[in-house]
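All residue numbers for the sequence shown refer to the working numbering, where the first residue is 804 and numbers rise by one.
Glycine is no exception: its CB is placed at the ideal position from the N, C-alpha and C atoms.
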Amino acid sequence: MGGGVFMCENKINGKDFLVGLCGQKEPRCAFKGTTAEEFFAWKTETTKKLISMLALNKLSSVYSDIAENACIIEENHDLISSGGKTYDRQLWHIDTLNDLKMPVYVLIPKNGTGKAALVLHCHGSDGKNGIVGIVQDELQKNLKKFNFEYALEFMEKGYTVFCPDLLGSGKRKPITYDKPAQNDCTILNFTLMALGLNLQGVITRELQICIDFMEQFKSVDIKELICAGFSGGGLNTLWLAALDERIKTAYVSGYFHSIRSTVLQSNFCGCNFIPNLWSEIDMDVLAMLTAPRKLFIETGDEDKLNGTDGLENVNILAERTKKIYNEIYKSNNFAFHVCKGAHRWYGEFMDML
């Protein structure tokens, strides 16, 4: 009798119900065709669907000239990275949507290439601060664990690097603003969804406006624009690259797995949730929409964000994506690598940039 009660526990607490819903059928937007013509038709319709899901049509910038409404807040000159590279660091505020300003660090290397990289922070890094090397004492353990100073790696390769605070993190937290290790993604997403919007949509639109700002930035060429990020930054890189073709190279670290394998297991932060998301797509859809532009994905073989199926589900998504690159576009611009270790930035593809 006691065993029967134990066996019913997952039905009582709702876990079986939720997991069952996620596993009932494949996502509606999964690509099921075989020809290039079918793929291009699918790509057009799926892009429209994702734009609608993110409510991007409700989020237009009210500014025609982004640069005109941008201002420098502070400048630091002749900083030296741990790799021995000298650079300037500027802090800009740019207007994005109504009543929203986005703080953006710009790292300008001495004798740089003039090329640009949009580098997105993870959680637990105090937003943009951690990835540019401004790390408070209480975040030193996170730095060692996640290796999140990766914006400096791009600067050291000669890129002018733009590092914004995403809404809900860093200086853009209306509730936990004095706690650098935390974020307000969940409460912000609840609020936005009650208004018919969602946090991923706001973040994606703001990043598109940030690229508008980059286009008007003097001495920077974004023709070969790179977007890169780890963990939540990898998620935002995937979305942005899928929906904005100005991204020519997307570098995703620590965030590529089947959404369904993570249900009630990981990815609890509110920024992971969009209405109808799990019914419509899996992450390979975002990767396929990035083709044939360059897409580099790395993950750790012990990364817990991979979910209950571990690397099995990650490899399946990677193979589906590779097939689109190879068979539809005849391109080798997709690279996927499994690193030895847990959830962290590895920088496996930096030498390919």
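Worksheet item: What do you get for S1034, buried or exposed, if any count of 16 or more other CB atoms within 10 angstroms of its CB means buried?
Response: Here residue 1034 is taken as the residue at index 231 of the sequence shown, counted from 1. Buried: at least 16 other Cβ atoms inside 10 Å.
Worksheet item: For the candidate residues G927, H896 and C825, whose alpha-carbon lies nearest to that of H1146?
Response: The residue given as residue 1146 occupies position 343 in the sequence shown. Among G927, H896 and C825, the Cα nearest to that of H1146 is on G927.
Discussion item. Could you pull the DSSP bridge partners for M905 from this structure?
Written reply: Within the sequence shown, numbered from 1, the residue matching residue 905 stands at position 102. DSSP, once it has assigned bridges, lists I897 as partnering M905.
Practice prompt. List the DSSP bridge partners of F1033.
Written response: One-based indexing of the sequence shown puts residue 1033 at position 230. Looking at the DSSP assignment, F1033 forms a beta bridge with S1056.
Worksheet item: For the segment 1108-1128 against the segment 1051-1066, are there 3 or more C-beta pairs whose distance is under 8 Å?
Response: A contact exists between the segment 1108-1128 and the segment 1051-1066.
Discussion item. So for C1157, helix, strand or coil by DSSP?
Written reply: Outside the displayed span of the chain (804 to 1156) sits residue 1157, for which this structure offers no information.
Worksheet item: Considering A1179, what are the terminal residues of the alpha helix (DSSP H) in which it resides?
Response: Shown here, the chain extends from 804 to 1156; a query on residue 1179 therefore has no answer.
Worksheet item: Considering only residues of the same chain and omitting the five flanking positions on each side of F949, which have a CB-CB separation below 8 Å?
Response: Along the sequence shown, one-based indexing puts residue 949 at 146. Around F949: C925, G927, S928, F1033, S1034, H1146, R1147 and W1148.
Worksheet item: In terms of alpha-carbon separation, which member of D1047, Y980 and R975 lies closest to I1012?
Response: Within the sequence shown, residue 1012 is the residue found at index 209, counting from 1. Taking I1012 as reference, the option from D1047, Y980 and R975 with the minimal CA-CA separation is D1047.
Fill in: Bridge partners - R892, DSSP secondary structure assignment
For the purposes of this step, residue 892 is identified with residue 89 of the sequence shown, where counting begins at 1. Beta-bridge pairing links R892 to N879 and L910.
Item to complete: Go to F1016, then tell me how far its beta strand (DSSP E) extends in each direction, as first and last residue.
Response: Counting from 1 along the sequence shown, the entry for residue 1016 is found at position 213. F1016 -> not in any beta strand (DSSP E); alpha helix (DSSP H) instead, spanning L1002 to E1018.
Worksheet item: In angstroms, rounded to a whole number, what distance separates the CA positions of S1064 and E829?
Response: Taking the first residue of the sequence shown as position 1, residue 1064 is located at position 261. Taking the first residue of the sequence shown as position 1, residue 829 is located at position 26. Going from the Cα of S1064 to the Cα of E829 covers about 13 Å.
Practice prompt. Tell me whether D1087 sits in a helix, a strand or coil according to DSSP, three-state version.
Written response: On the sequence shown, residue 1087 is found 284 positions in, with the first residue counted as 1. Residue state, collapsed to three classes: helix.
Practice prompt. Can you tell me the Cβ-Cβ gap for P1078 and N1001, rounded? I've got them flagged as a contact below 8 Å.
Written response: Reading the sequence shown from its first residue, position 275 is the one you call residue 1078. Reading the sequence shown from its first residue, position 198 is the one you call residue 1001. The distance from the Cβ of P1078 to that of N1001 is about 7 Å, consistent with a contact at the 8 Å cut-off.
Worksheet entry | Member of D1104, K814, Y1128 and I1127 whose CA lies at the smallest distance from the CA of V1117 | As a first step, residue 1117 is located in the sequence shown; it is residue number 314 there, counting from the start. When only C-alpha atoms are compared, the closest one is D1104.
Item to complete: May I ask you to list the residues that DSSP assigns as paired with V1141?
Response: Here residue 1141 corresponds to residue number 338 of the sequence shown, with the count starting at 1. DSSP lists T1102 as partners of V1141.
Worksheet item: Candidates G1004, A919, C966 and Q939: which alpha carbon is nearest G857's?
Response: Taking the first residue of the sequence shown as position 1, residue 857 is located at position 54. In the sequence under discussion, the amino acid at residue 857 is Leu, which differs from the Gly named in the question. Nearest in C-alpha terms to L857, of all of G1004, A919, C966 and Q939, is G1004.
Practice prompt. With DSSP collapsed to three states, give me the class of T1111.
Written response: Counting from one through the sequence shown, the residue named residue 1111 turns up at place 308. Assigned with DSSP and collapsed to three states, T1111 falls in coil, not helix or strand.
Fill in: Where I1025 falls: helix, strand or coil (DSSP)
Locating residue 1025 in the sequence shown gives position 222, counting from the first residue. DSSP places I1025 in the strand class (E or B) of the three-state scheme.
Discussion item. Between G1110, S863, N986 and I934, which has its C-alpha nearest L1184's C-alpha?
Written reply: Because residue 1184 is not part of the residues shown, which for the chain are 804 to 1156, the question remains open.
Fill in: Y962 to L1156 span [Cα, whole Å]
Taking the sequence shown and counting its residues from 1, one reaches residue 962 at position 159. Taking the sequence shown and counting its residues from 1, one reaches residue 1156 at position 353. Computed Cα separation, rounded: 10 Å.
Fill in: Spatial distance of S1089 from T850 (CA atoms)
Taking the first residue of the sequence shown as 1, we reach residue 1089 at position 286. Taking the first residue of the sequence shown as 1, we reach residue 850 at position 47. Reading the sequence as shown, one finds Leu at residue 1089 and not Ser. Approximately 9 Å, taken between the alpha carbons.
Worksheet item: Between the C-alpha atoms of A1045 and L921, what's the straight-line distance to the nearest angstrom?
Response: Taking the first residue of the sequence shown as 1, we reach residue 1045 at position 242. Taking the first residue of the sequence shown as 1, we reach residue 921 at position 118. Their Cα atoms are separated by approximately 15 Å.
Practice prompt. Tell me A919's beta-bridge partners as DSSP assigns them.
Written response: As a position in the sequence shown, residue 919 is number 116, starting the count at 1. Under DSSP, A919 takes part in a beta bridge, and its partners are T963.
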